[in-house]
Amino acid sequence: MIRILLPVAGIGVNLWVVVAIGGVIGLLSGLLGVGGGFLLTPALMMIGVSPTVAAASGTNAIVAASSSGVAAHFRLHNVDLRLGVILVFGSLVGAGAGVRCVRLLREIGNADFVITLTYILMLGFVGSFIVRDSWRKLRGGLVAGSAQPQVRSGGFLARWPMQVEFPRSGVRHSILLPFTLCVFVGLLTGIMGVAGSFILVPLMVYVLRVPMHVAVGTSLFQALFACAGATLMQAASNHTVDLTLALLVAAGSTFGAQIGARLSRLLRGEQLMILLGVLALGVMVRMVISILIPPSIRISEIAILEFVRSMQHAGIGILAHAWGTIVG
Amino acid sequence: MGDDRGVRHPFNALPGWRRGTILPIVWLSFAAGSLAALPGATAQMMPPSLAPQRIAMGTFYDGSRIHVTGTAPSGSGILIVFRGSEQDEFFDCKGREGFIWLNADKIHVKHAPSLFLTFGSGSNSALLDPLSLNRYVLDEGALAARIRCLRHCKCNRTGNQANEDGARDQVPDPAYAKMLLTSFFALKEHEGRYAARAGAVRLKPENGETRYSLQLEWPKSALPGKYQVEVYACRDHGVIARSATVLEVAEIGFPAYMANLSTEHRWIYGICAVLAAMLAGFGIDGLTSRFRRSRSESGTGGSSSPPANSDEATEPNSEIARLNTPVSRR
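Heads up: the sequence lines are chains A and B, in that order. Under numbering that gives the first Met the number 0, read the first sequence as residues 0 to 327, first letter to last. Under numbering that gives the first Met the number 0, read the second sequence as residues 0 to 329, first letter to last.
Shown next, in the form of structure tokens:
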């Protein structure tokens, strides 16, 4: 057993436990393409890291994992840069807008109640939809319902202004649509504090009609920039980023991702989609349990709000920098 | 006003060096007499000796065992307290809305020590009466009276400093405040930062005095900083003597450098953190890519048949694409 001191967290931890936590997160990432932040922060808190340091350092670790994923997906032409840039700006502004909306709703009252239930229902709907859809495709074979999503330009969404072609995804949409989706996801994450990839990726697939592999690659691209901005702001405003912790988690997650990727060879796409849906349903069940069972300790250190707030600051910072570059 | 130039006060007749010696003695005697006359006043005793005096937290820090020893007046019981500096802390508080539990309040806790460990030769209540416990803040009850909780907090937290808006901060009603304090102590005990151990201090008569000793594992959750170590000699449910010393817990070497960088050069540290993470991600991806390519070229890729797609054969994360590719594309 090797114990190592985390300089910013100020506590000693078992090195192999941290690497193993990263490994489990990487396994899920490699297998299903999810970030794993929903598991990482609680896992780090369980080994004694304070919530603020766990959330900030977890974000930094996701920068490493998503960098690796983006590099691989970019070579495979799975990253839609045009859509990714819109998502980056949309998520940053969306997180900020989400926080402000939540604040406004709280003034009105019962916002937490409504948004929490909405989030749970969303997770339940998305999870069960994915499971049902993938199960149907799995049972129906390779022909029915499994065609590559085509460019859908009819209907209400086609009348939105600022229509743009996204050649890599093979779709045409108003840039306001992905932007709006990001604001929507930001609103939900504003309260719950999870990254929202469970919602964003299915929304990209089912609403934007982006192919699944491009959705995952582009989502990772968006996560890379969002988490890099959040890491920078957390380090500057709260100095809660523990680089040693983040790199240990990243080392584990890289190996875990390799194992996850190899495991994925054994499964078909639909089977993996079912696993993703089951995972989303699992998160939903965990949330339902957490809100129904009276907590043994009713107070907890504030960590989530600061993460979202730093996202908001990062968004403003990046926009200000971009504006300065254009004007200058 | 009479002219007293001709009258010489006997004190002024003394030489200067003797006046300088006598004055402090007189003042000290007066102060000691006053303290002794006060009800419940305590005498000072020799500060405890700590081994080690300073805990150095290096890269491979694996906790530390501390040995506290000292002497106290004969026949006294001993209470030893490790106390961290007081700080402001901020919490979410869950409340019930309808049938579900949600974060319903923001709590600002003031005057809470970062660490509070008490070790006694007996239980706190056996050693001291409530008056003494409250006076020196030696148990949870006394701490609860000192700690202040505010609800509906709108503070912005920057490190440990609070820039208070304060406009909506409210003093909670007694029942709510009691619940907050109960939760606060439960959380701190769960973190290992607050604890009370009865019977942990060993006593031994020695040369007409009582020799005390305590061995403890320093909590791994205790953060670097300076901690007050207070020793109370107790008799007849009161404090008869007390002493204190300081235990320093400090990071050294690489952890100290990193911690300093993260606080003194925050932007540089943040940029380094992002770049290091990206470098790790891209670097490891590049290494695995090269490794798999070399395995593929040497024919030890573990597959008996060549892959249909040459692109997939050379890409390390082609499985990721595969898993996300619709069935029709395979």
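Ideal placement from N, C-alpha and C gives every residue a C-beta, glycine not left out.
Close-in-space but distant-in-sequence residues of the same chain around residue i (CB under 7 Å, 5 per side omitted)
i: Ala174/B; result: none
i: Gly252/B; result: Gly57 and Thr58
i: Val206/A; result: Leu180
i: Pro201/A; result: Val125 and Ile129
i: Leu222/B; result: Ser113
i: Pro171/B; result: Cys148, Arg150 and Leu179
i: Leu211/A; result: One point to set straight first is that residue 211/A is Met, not Leu, in the sequence displayed. Contacts found: Val204.
i: Pro328/A; result: Residue 328/A lies beyond the stretch modelled for chain A, which goes from 0 to 327, so this question has no answer here.
i: Ser33/B; result: A caution first: Ser33/B carries a pLDDT of 43, below 50, which makes its placement in the model too unreliable to give a value.
i: Ala55/B; result: Ala249 and Ile251
i: Leu262/A; result: Leu30
Per-residue contacts from residue i into chain B (C-beta, under 7 Å)
i: Ile198/A; result: Those do not exist, as Ile198/A stays about 17 Å from chain B at its closest Cβ, beyond 7 Å.
i: Val16/A; result: Result: empty, since nearest Cβ-Cβ is about 13 Å, beyond 7 Å.
i: Leu103/A; result: Ordered by position in chain B, no residue passes the 7 Å Cβ test against Leu103/A, which lies about 15 Å from the chain.
Residues near residue i by beta carbon distance below 6 Å, same chain, minus five either side
i: Glu190/B; result: Ser220
i: Thr239/A; result: Thr51, Val52, Ala55 and Gln233
i: Val142/A; result: At Val142/A, the pLDDT of 44 sits below 50, so the modelled position is not reliable; the number obtained from the coordinates is stated separately. Nothing listed; no residue qualifies.
i: Leu280/A; result: Gly126
Proximity winner among the options, relative to residue i (alpha-carbon distances)
i: Pro237/B; options: Gly69/B, Leu78/B, Phe184/B and Gln52/B; result: Note that residue 237/B is Gly in the sequence shown here, rather than Pro. Measuring from the Cα of Gly237/B, the nearest candidate turns out to be Leu78/B.
i: Arg330/B; options: Ala42/B, Ala249/B and Glu263/B; result: Residue numbering for chain B in the displayed model covers 0 to 329; residue 330/B lies beyond these limits and cannot be assessed.
i: Phe281/B; options: Ile61/A, Ser66/A and Val284/A; result: Ser66/A
i: Arg297/A; options: Trp266/B, Thr181/B and Arg192/B; result: Thr181/B
i: Pro82/A; options: Ser127/A, Ser173/A, Leu5/A and Leu122/A; result: Note that residue 82/A is Leu in the sequence shown here, rather than Pro. For the residues Ser127/A, Ser173/A, Leu5/A and Leu122/A, the minimum Cα distance to Leu82/A belongs to Ser173/A.
i: Tyr231/B; options: Ile146/B, Phe98/B, Phe184/B and Gly69/B; result: Gly69/B
i: Leu186/B; options: Glu88/B, His264/B and Pro204/B; result: Glu88/B
i: Trp217/B; options: Gln43/B, Asn102/B and Asp61/B; result: Asp61/B
i: Gly224/B; options: Thr40/A, Gly9/A and Leu274/A; result: Gly9/A
i: Gly347/A; options: Met0/A, Glu269/A and Pro6/A; result: Past the boundaries of the shown model lies residue 347/A; chain A is included only from 0 to 327, so the question cannot be answered.
i: Pro294/A; options: Ile99/B, Gly119/B, Leu286/B and Met45/B; result: Ile99/B
i: Arg384/A; options: Pro210/A, Phe73/A and Ser133/A; result: Here chain A has residues from 0 to 327 only, and residue 384/A is not among them.
i: Asn237/A; options: Val245/B, Ala240/B, Trp266/B and Arg241/B; result: Trp266/B
i: Leu38/A; options: Leu278/A, Met272/A, Arg135/A and Glu300/A; result: Leu278/A
i: Val80/B; options: Glu263/B, Ala144/B, Pro46/B and Ala176/B; result: Pro46/B
i: Val184/A; options: Leu86/A, Ile288/A, Ile290/A and Phe254/A; result: Leu86/A
i: Val228/B; options: Phe118/B, Glu296/B, Asn102/B and Arg201/B; result: Phe118/B
i: Ala235/A; options: Arg291/B, Glu263/B, Leu101/B and Gly97/B; result: Glu263/B
Residue j beta carbon less than 7 Å from that of residue i
i: Glu85/B; j: His110/B; result: yes
i: Arg82/B; j: Pro129/B; result: no
i: Ala63/A; j: Ala272/B; result: no
i: Ala279/B; j: Ala249/A; result: yes
i: Val78/A; j: Gly228/A; result: no
i: Leu330/B; j: Ala243/B; result: Any property of residue 330/B remains undetermined from this structure, which presents chain B solely from 0 to 329.
i: Ala286/A; j: Gly123/A; result: For clarity, residue 286/A is Met in the given sequence; the question names Ala instead. No, they are not a contact pair.
i: Leu219/A; j: Val92/A; result: no
i: Asp91/B; j: Ala71/A; result: no
i: Leu43/A; j: Pro254/B; result: no
i: Leu132/B; j: Cys233/B; result: no
i: Leu30/A; j: Gly259/A; result: yes
i: Leu291/A; j: Val17/A; result: no
i: Tyr226/B; j: Leu246/B; result: yes
Integer Cβ distance of residue i from residue j, believed to fall under 8 Å
i: Thr243/A; j: Thr58/A; result: Not really, about 15 Å apart at Cβ, beyond 8 Å.
i: Gly94/B; j: Ala197/B; result: Not confirmed; about 35 Å, so no contact.
i: Ala137/A; j: Leu156/A; result: According to the sequence provided, residue 137/A is Leu. The question's Ala does not apply to it. Not confirmed; about 29 Å, so no contact.
i: Leu260/B; j: Tyr268/B; result: 5 Å
i: Gly207/B; j: Ser73/B; result: 6 Å
i: Phe178/A; j: Arg171/A; result: With a Cβ gap of about 15 Å, Phe178/A and Arg171/A do not count as contacting.
i: Ala71/B; j: Thr209/B; result: 5 Å
Contacts that residue i makes with chain A (C-beta to C-beta distance below 8 Å)
i: Ala258/B; result: Pro6, Val7 and Gly9
i: Ile106/B; result: Ile298
i: Gly62/B; result: Arg2 and Gly11
Same chain only: Cβ atoms within 8 Å of residue i, ignoring 5 sequence neighbours per side
i: His66/B; result: Leu49, Ala50, Ser212, Leu213 and Gln214
i: Arg2/A; result: Gly11, Val12, Asn13 and Leu14
i: Ala30/B; result: Legend: pLDDT at Ala30/B = 44, less than 50; position of this residue unreliable, no value from coordinates given.
i: His76/A; result: Arg167
i: Ser252/A; result: Gly21, Gly22, Ile24, Gly25, Ser28, Gly35, Ala60, Ala63 and Ala64
Contacts that residue i makes with chain B (C-beta to C-beta distance below 8 Å)
i: Leu294/A; result: First, the amino acid is wrong: residue 294/A is Pro here, not Leu. Residues of chain B passing the Cβ test: Lys93 and Trp100.
i: Val345/A; result: Residue 345/A lies beyond the range of chain A shown here (0 to 327); nothing can be said about it.
i: Thr117/A; result: Those within 8 Å of Thr117/A in chain B number zero; the least Cβ separation is about 13 Å.
i: Ala64/A; result: Gly280
Contact set between residue i and chain A, taken where Cβ atoms lie within less than 7 Å
i: Ile65/B; result: Ordered by position in chain A, no residue passes the 7 Å Cβ test against Ile65/B, which lies about 15 Å from the chain.
i: Ile330/B; result: Residue 330/B falls outside the range modelled here, since chain B spans only 0 to 329, and no answer is possible.
i: Tyr231/B; result: The contacting residues do not exist; Tyr231/B stays about 29 Å from chain A at best.
Residues that residue i contacts on chain A, provided the C-beta gap is smaller than 9 Å
i: Met45/B; result: Here the premise fails: no neighbours, minimum Cβ distance about 32 Å.
9 Å Cβ cut-off: residues of chain B touching residue i
i: Phe112/A; result: Glu96, Gly97, Ile99 and Leu101
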